[in-house]
Amino acid sequence: MSTNVVDPPYRVDQQGKEIVVRVSSDLMSREEMVDLLDYIFLENVRQKASLSPEEIEVLAKEVKRSAWERLRPMVEEKLRGR
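Take the sequence shown: its position 44, counted from the start at 1, is 43 in numbering that gives the first Met the number 0, and no numbers get skipped.
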């Protein structure tokens, strides 16, 4: 019986205290990756703190606002380059 082994479209390494994840853009977009990482971050915060669902929602909105502030200049530059 033969088994077809296909390399996954991602790679996970550990460097000291950091976990380094490389994901093919064929698997997900950058925005989807940011959303996934935001979720992981918020879930970690939720587990470590006794936050109410409302507090979690406020924190999630702040994370998204902060991400948009970082991405906005790049988006605007791309739009101007059209």
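Where is the CB? At the ideal position from N, CA and C, for every residue including glycine.
C-beta contact flag for L41 and V11 at 8 Å: The sequence position of residue 41 within the sequence shown is 42, counting from 1. The sequence position of residue 11 within the sequence shown is 12, counting from 1. No.
Identity of the residues DSSP links to I55 by a beta bridge: Sequence index remark: in the sequence shown, residue 55 carries index 56 (1-based). Per DSSP, I55 has no beta-bridge partner at all.
Sequence ranges, beta strand (DSSP E) only - wholly within the segment 27-55, length at least 3: none
Those residues which DSSP pairs with V19 across a bridge: Residue numbering aside, residue 19 sits at position 20 when the sequence shown is read from its first letter. Per DSSP, D12.
Beta-carbon contacts of A66 that lie in its chain and below 8 Å, excluding the five residues immediately before and after: On the sequence shown, residue 66 is found 67 positions in, with the first residue counted as 1. Correct list, in chain order: V33, D37.
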